[in-house]
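This report refers to the structure that appears directly beneath it.
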Ligand code: NAD
């Protein structure tokens, strides 16, 4: 097992990509703090990890709430004695062209991704620095590296997370902290399923065309990236043994984006 006895926090782990990673971390021997908006939304993931013999706890953590993030991280350290891996994964999407975008919708997307990543990072680093190191991970996107229409706040926020990841790699090095950002292409989760009809309406095309001509158009094989593809990368980055791999954006997108 690649993460034996490591203590990991995954935000937004109640479903989708976060859940897949939390379960994979559990199978690799980590104790996993499953954070989501409510205890209820984290419960299924905790039960799945425990059902396969792992150790997990549910944390109610709205990542935009400073107190909730600080209290959640403190609870992990108090219960399990430390924090080795923190993954800022919680995210939301909003589809609109810039000229029609409500400030509230812009702010919501920026807040969940960027404020959330900052708050989780600050709380985690305080414990990691005190204990000699750890691994910060961010759930970026191909949209950390390039843009698509109708997703300005998401693209801006994901580019911002790349900057935060790099800053943490520079500051964290002397404290034994590595920092990397995972940049997936499209993965079939509720976040993506919701935007298919929204994009179809906005662009005036069919849902099938949104998938084949917008989402997967630039992949090498017309395939979605899978939950397993992303969780395997998240395990690899968490387990990587040295600071040779820090400050990096790793793209997992069927060739949609090549860097
Ligand atoms: P999802 O909608 O299936 O899951 C997101 C989870 O985040 C949910 O459990 C939700 O409750 C939680 N969440 C939302 N706001 C929160 C908040 N304020 N505090 C705490 N938790 C909150 O989405 P997903 O597709 O699994 O996306 C997870 C991450 O992966 C996001 O950061 C997303 O931007 C990123 N991503 C997704 C794709 C994709 O194609 N699905 C591609 C690239 C990157």
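Residue numbers (the UniProt record's numbering): 1 to 259. Each residue gets a CB set at the ideal place from its N, CA and C atoms; glycine is no exception.
In terms of CA proximity to residue 84, 124 leads the group 94, 92 and 124. In the DSSP annotation of this structure, the continuous segment of the beta strand (DSSP E) that includes residue 86 starts and ends at 85-88.
Excluding residues up to 5 positions away in sequence, 24 lie with their Cβ nearer than 8 Å to the Cβ of residue 232 in the same chain. Counting of Cβ neighbours within 10 angstroms places residue 220 among the exposed residues, the total staying below 16. The stretch 243-253 and the stretch 151-158 do not touch, with fewer than 3 CB-CB distances between them shorter than 8 Å. The DSSP-derived three-state label of residue 181 is strand. At least 8 Å separates the beta-carbon of residue 48 from that of residue 58. Here the alpha carbon of residue 29 sits roughly 20 Å from the alpha carbon of residue 78. When beta bridges are read from the DSSP output, residue 248 appears opposite 180. Between the C-alpha atoms of residue 209 and residue 36 there is a straight-line separation of about 33 Å.
Counting every other CB atom within 10 Å of its CB across the protein chains shown gives residue 93 a total of 16 or more, marking it as buried. Residues of the same chain with a CB within less than 7 Å of the CB of residue 82, apart from the 5 flanking positions on each side, are 7, 127 and 131 in chain order. Following the DSSP letters along the chain, one finds residue 137 inside the beta strand (DSSP E) bounded by residues 134-139. In this structure, residue 121 has its CB at a distance of at least 7 Å from all heavy atoms of the ligand NAD. Taking 8 Å as the cut-off, the Cβ atoms of residue 91 and residue 191 count as close.
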